[in-house]
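Engineer: The structure that follows is given in the form of structure tokens.
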Amino acid sequence: METEASGQTIVRLFNPELIILGGSLAATGDYIKLPIKNALNKYSLSLVNNDTQLSISQLGEQAGIVGACLLVCDRLLALNT
13 METEASGQTI VRLFNPELII LGGSLAATGD YIKLPIKNAL NKYSLSLVNN
63 DTQLSISQLG EQAGIVGACL LVCDRLLALN T
């Protein structure tokens with residue numbers, strides 16, 4: 013329940029155009045998209061849920077590792093400028 017409330021708060025605050033599901037959620041494929049989209053429609057503002065798209069990461073469980081590597085690269089490049 014706490015995780016669900018946190019997700020709702022993030023969506024309301026940032027009004028993202030796209031939410032990408034990764035990690036173990038990505039392994040479920042499209043099976044998980046419908047319940048999450050229904051929750052977005054039910055618990056978020058209509059402006060938010062009309063604009064927000066839901067997608068499954070193509071990186072699967074590697075998304076966290078790739079993201080961490082990209083953060084390191086960005087920080088290293090920032091040091092050189």
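Numbered as in the working numbering, the sequence shown ends at 93 without a single skipped number.
No residue lacks a Cβ here, since even glycine has one placed at the ideal position from N, Cα and C.
Every value quoted in this text rests on a predicted model; they were computed, and no experiment measured them.
Return the Cβ separation of glycine 41 and isoleucine 68 in integer angstroms, given the expectation that the two are a contact with Cβ distance under 8 angstroms.
Structural biologist: The pair is a contact, with the Cβ atoms about 6 angstroms apart (cut-off 8 angstroms).
Engineer: Helix, strand or coil for lysine 67, going by three-state DSSP, please let me know.
Structural biologist: This sequence places serine at residue 67; lysine is not what is there. DSSP places serine 67 in strand when its eight states are reduced to three.
Engineer: Residues in its own chain within less than 6 angstroms of leucine 37 by CB, not counting five upstream and five downstream?
Structural biologist: These residues qualify, in order along the chain: Ile44.
Engineer: Could you tell me whether the Cβ atoms of glutamine 74 and leucine 30 are closer together than 7 angstroms?
Structural biologist: In this structure, leucine 30 does not lie closer than 7 angstroms to glutamine 74 by Cβ.
Engineer: Tell me isoleucine 31's beta-bridge partners as DSSP assigns them.
Structural biologist: Isoleucine 31 is bridged to Leu66.
Engineer: Tell whether a beta-carbon distance below 7 angstroms holds between valine 78 and leucine 71.
Structural biologist: Contact: yes.
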